[in-house]
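Q: Residue 861 is where the sequence shown starts when you use this note's numbering, and the numbers rise one by one after that.
Where is the CB? At the ideal position from N, CA and C, for every residue including glycine.
Quantities reported herein were computed from a predicted structural model and do not represent experimental measurements.
Before I ask anything, here is the structure I am working with.
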Amino acid sequence: MANGSTSELNFLKRGLSSPQIAGLKGLAASLADNWWKEVLESKDLLLAVRNGYLNAYVKGQSVFKIAFDRGGSAVSQPRLAIHYKYLVKPDLEKKDPYVSFDGKTFDLKPADIVNTEYQSKLTLPQLIRTAARFAGPEKTGVHKIARKEPKVVDLEIAFTKAGEDGDLSAPRMDIAVLVQVKPGKAELVFCEAKCADNPELWGLEKLPKGTKSLSPPERLIAVIAQVRKYEQFIQAKEIQESLIESYVRVCRNLVEISRQSRGRRVDDLVKQVAEGTLELSIHPHVYLLIYDFGEDEKKGRIKNKRLELKKAGVRTIAKGDPGAFELANDVLRARAEWTGSSD
């Protein structure tokens, strides 16, 4: 790797340190009830390993961030950060939404409106219910796909860095899943998810900043431009090296977390990557997952759209119901069906 490139690729880092894992382990081993033990047991929360912290997702909503105290201690204590909108109690939607005002004060008690303290067995389900209300069909579909597939190791993936013009650039992919196609080797496959009515499947890409117009041959369907951008990113050699290092660490962290509770299972493929039994590589192509459509659409416009995307080199997997995906197997089948490709 060229000099200086390691620091430039810090935005790709993933993983928790040993003290951070130890902090979580301490909570999991506690005899008393606590929020982390409830998180581990929850079937509705999907955990994603970031660079020194975790995100907990419900249907694409990051309900809270689990960060850690800084310091040189052998154990880093976890600290939650929650967006205030998720603290609103979900049962309020069944009540009068208006608050009386006498011209000076509002007639309300904060504890009646928002969660002001954590109560075991009560607060976490409320946070989850409130967060789910903010979810759209596309992110709900991603959640269904990821929740069903134990080989998924990441979701809501954003690799953010500052661009030359000061703007933040971030390839944002929905899911990363492990597959095994050769003995002794595993591949990490990135996937982008779209509902069938997403305008990016049907409309042209946005014009580059400062550009007033492009002739039609130069302007692609938005999703084609998006997938090509993502593939160009993940195919760069130095990017792949950093991603491999990061996701081996992610697999180790997921295994370490799974040991803290029976409620957090990991697939054998994840364990083998974590242990180094399987050598990890990055699959060079991004798979486009399309869902939320009926049988008539499947035989009509979705079929035609997939043919159009295939001609453009975009690999697709389409199922009307997102709950019908078996992602790792679907990817393997799609690879086999992709005739004349380098898959």
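If the criterion is Cβ atoms closer than 8 Å, does the pair Ala875 and Ser1106 meet it?
A: According to the sequence shown, residue 875 is Gly rather than Ala. It is a contact, given that the beta carbons lie within the stated cut-off.
Q: Just to confirm my understanding: we take Asp962, look at its own chain, exclude 5 residues before and 5 after, and list those with CB closer than 7 Å. What are they?
A: Excluding residues within five positions, none has a Cβ falling inside 7 Å.
Q: On a CA-only basis, which of Lys949, Glu953, Ser980 is nearest Pro970? Give me that one, please.
A: Closest option to Pro970, Cα to Cα, is Lys949.
Q: Would you please state the rounded distance, in angstroms, between the beta carbons of Asp1034 and Cys1051? I believe it to be under 8 Å.
A: Indeed they touch by this definition, with Cβ atoms about 6 Å apart.
Q: So, helix, strand or coil for Lys955, using DSSP?
A: Reduced to three states, the DSSP call for Lys955 is coil.
Q: How would you label Arg1112, buried or exposed, when you count the other beta carbons within 10 angstroms and need 16 or more for buried?
A: So Arg1112 ends up on the buried side.
Q: Please go through the same chain and pick out, in chain order, the residues whose beta-carbon is closer than 6 Å to the beta-carbon of Val977, but skip the five residues on each side of it.
A: Looking at the sequence itself, residue 977 is Glu, so the reference to Val does not match. Correct list: empty, nothing qualifies.
Q: Could you check which residue in Pro1031, Arg993, Leu906, Glu1091 has the C-alpha nearest to that of Gly1173?
A: Of the candidates Pro1031, Arg993, Leu906, Glu1091, the one whose C-alpha sits nearest the C-alpha of Gly1173 is Glu1091.
Q: Considering only DSSP beta bridges, list what Glu1139 is partnered with.
A: Per DSSP, Lys1045.
Q: For the alpha helix (DSSP H) containing Leu984, list its first residue and its last residue.
A: Here the alpha helix (DSSP H) through Leu984 covers 983-992.
Q: Give the range of the alpha helix (DSSP H) segment to which Ala1056 is assigned.
A: It is not in any alpha helix (DSSP H) - Ala1056 carries neither H nor E in the DSSP assignment.
Q: Measuring straight from C-alpha to C-alpha, what distance separates Trp1198 and Arg1109?
A: For Trp1198 and Arg1109, the distance between alpha carbons rounds to 31 Å.
Q: Of the choices Lys964, Arg930, Phe1019, Glu953, whose alpha-carbon is the least far from that of Asp972?
A: With distances taken between Cα atoms, Asp972 lies closest to Glu953.
Q: Between the C-alpha atoms of Gly1063 and Asp1057, what's the straight-line distance to the nearest angstrom?
A: Approximately 11 Å, taken between the alpha carbons.
Q: Under 8 Å between the Cβ atoms of Asn915 and Leu947?
A: No.
Q: Just verifying my parser: in three-state terms, what is the DSSP assignment at Asn911?
A: Here Asn911 sits in strand by DSSP.
Q: May I have a chain-ordered list of the beta strand (DSSP E) segments no shorter than 3 residues that lie completely inside the segment 914-976?
A: You should have 914-918, 921-928, 938-942.
Q: Based on the DSSP output, what are the partners of Gly875 in its beta bridges?
A: Answer is Asn911, bridged to Gly875.
Q: Name the DSSP bridge partner or partners of Leu1149?
A: DSSP output for Leu1149 lists Ala1053, Ile1177 as bridge partner(s).
Q: Around the Cβ of Ser878, are there at least 16 other Cβ atoms within 10 angstroms (buried) or fewer (exposed)?
A: Classification for Ser878: exposed.
Q: Just to confirm, are Ile942 and Glu1116 a CB contact at a threshold of 8 Å?
A: Taking 8 Å as the Cβ cut-off, Ile942 and Glu1116 do not qualify as a contacting pair.
Q: Note down the Cα distance separating Val1002 from Lys964, rounded to an integer number of angstroms.
A: So the alpha carbons of these two residues sit roughly 46 Å apart.
Q: Smallest Cα separation from Asp1152: which of Leu891, Lys1008, Gly996?
A: The shortest C-alpha separation from Asp1152 is found at Gly996.
Q: What does the alpha-carbon distance come out to for the pair Thr983 and Arg1122?
A: Cα-Cα distance, rounded: 22 Å.
Q: Under 8 Å by Cβ, that's how I've got Val1037 and Leu1187 pegged, so tell me the actual separation to the nearest angstrom.
A: Indeed they touch by this definition, with Cβ atoms about 5 Å apart.
Q: Comparing C-alpha positions only, which one of Arg993, Trp895, Pro1031 sits nearest to Pro938?
A: Checked all of Arg993, Trp895, Pro1031; the closest Cα to Pro938 is Trp895.
Q: For Ile1017, list the residues DSSP reports as bridge partners.
A: For Ile1017, which the question treats as bridged, DSSP gives the partners Met1033.
Q: In terms of DSSP beta bridges, what is Lys1064 paired with?
A: Per the sequence presented here, residue 1064 reads as Leu, with Lys not at that position. According to DSSP, Leu1064 bridges with Ile1081.
Q: For Phe1185, is the classification buried or exposed, using 16 other Cβ atoms within 10 angstroms of its Cβ as the cut-off for buried?
A: Its Cβ being crowded by 16 or more others within 10 Å, Phe1185 is buried.
Q: Around the Cβ of Gln979, are there at least 16 other Cβ atoms within 10 angstroms (buried) or fewer (exposed)?
A: Gln979 should be labelled exposed.
Q: Could you compute how far the alpha carbon of Phe871 sits from the alpha carbon of Ala1096?
A: Approximately 15 Å between the Cα atoms of the pair.
Q: In whole angstroms, give me the CA-to-CA distance for Ile1099 and Gln1040.
A: One C-alpha to the other measures close to 21 Å.
Q: To which residues of the same chain is Gly1026 closer than 6 Å at the C-beta, ignoring the five residues directly before and after it?
A: Any reading at Gly1026 must be qualified, since the residue scores a pLDDT of 45, below 50, and its modelled position is unreliable; the value itself is stated next. Excluding residues within five positions, none has a Cβ falling inside 6 Å.
Q: Between the alpha carbons of Glu1101 and Val1133, how many angstroms are there, rounded?
A: Whole-angstrom Cα-Cα distance: 15 Å.
Q: Is it buried or exposed for Asp929, if we count other Cβ within 10 angstroms and need 16 for buried?
A: With fewer than 16 Cβ atoms within 10 Å of its Cβ, Asp929 is classed as exposed.
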